[in-house]
Amino acid sequence: MSLAYSYPKSRFEPAVLVDLNSRAERERLSRSALMGFFKLAAAWQVRDDDARELLGGMSSSSYYDWKKNPDRVLEVDRITRISYLLGIYKALHILYGDKLADEWVHLPNTNLIFGGRTPLAYMLGGGLIAMQTVRKLLDARRGGL
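So in UniProt numbering, the last spot in the sequence shown is 145, and the numbers never skip.
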């Protein structure tokens with residue numbers, strides 16, 4: 001009889017990670033990512049200047065072209081940014097009612113992370129890392145931490 005510790009058998013199968021370095025994967029995800037981002041920006045009532053900054057900075061003409069024609073292949077950075085933002089959107093809608101969930105990014109926040117700023121201002125100032133931090137904060141709240 002073996003006394004070695006082992007994990008119990010489970011039907012759990014880990015999700016296969018998406019390889020964003022693969023152009024084929026980015027082609028598959030880009031259109032829906034952009035469509036989701038534009039819907040999120042509308043729901044949050046984000047100004048176009050701020051939306052462009054959330055995407056990593058881009059010219060107005062490129063932004064409006066992307067809005068008109070979302071059929072393009074995004075870079076890894078932009079897909080990652082959109083992924084974080086959509087995760088934040090989802091977490092907010094799980095935690096709060098729809099009205100508060102969509103207003104939350106514009107409300108001053110007393111959490112030490114934000115330093116009295118709005119979550120949107122924090123994300124605009126801190127870029128990708130700030131988006132990741134907000135996403136982790138909300139995921140922790142969802143999990144009851």
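The beta carbon of each residue, even a glycine, is placed where N, CA and C say it ideally should be.
Let me confirm a value: residue i is counted as buried when at least 16 other C-beta atoms fall within 10 Å, else exposed. Which label applies?
i: Y5; result: exposed
i: N109; result: buried
i: L107; result: exposed
i: L112; result: exposed
i: A15; result: exposed
i: A42; result: exposed
i: Y122; result: buried
i: L100; result: exposed
i: L92; result: buried
i: F12; result: exposed
Would you kindly check if the distance between the Cβ of residue j and the Cβ of residue i is under 8 Å?
i: L95; j: R47; result: no
i: L138; j: I88; result: yes
i: M131; j: L85; result: yes
i: V105; j: T118; result: yes
i: L124; j: E75; result: no
i: P70; j: L29; result: no
i: L20; j: I79; result: yes
i: D50; j: L120; result: yes
i: D102; j: W44; result: yes
What span of residues does the alpha helix (DSSP H) with residue i cover, start to end?
i: D102; result: D98 to E103
i: R142; result: P119 to R142
i: T80; result: V76 to L95
i: F12; result: No alpha helix (DSSP H) holds F12; DSSP gives it neither H nor E.
i: Y63; result: S60 to K68
i: A41; result: R23 to W44
i: residue 147; result: The shown model of the chain, from 1 to 145, leaves out residue 147, and the question about it has no answer.
i: L112; result: Looking at the DSSP string, L112 is not in any alpha helix (DSSP H), and its letter there is neither H nor E.
If distances are taken between C-alpha atoms only, which option among the options comes closest to residue i?
i: A24; options: G36, R72 and A51; result: R72
i: G36; options: G97, W66 and F114; result: W66
i: K68; options: K90, R31, L40 and G56; result: R31
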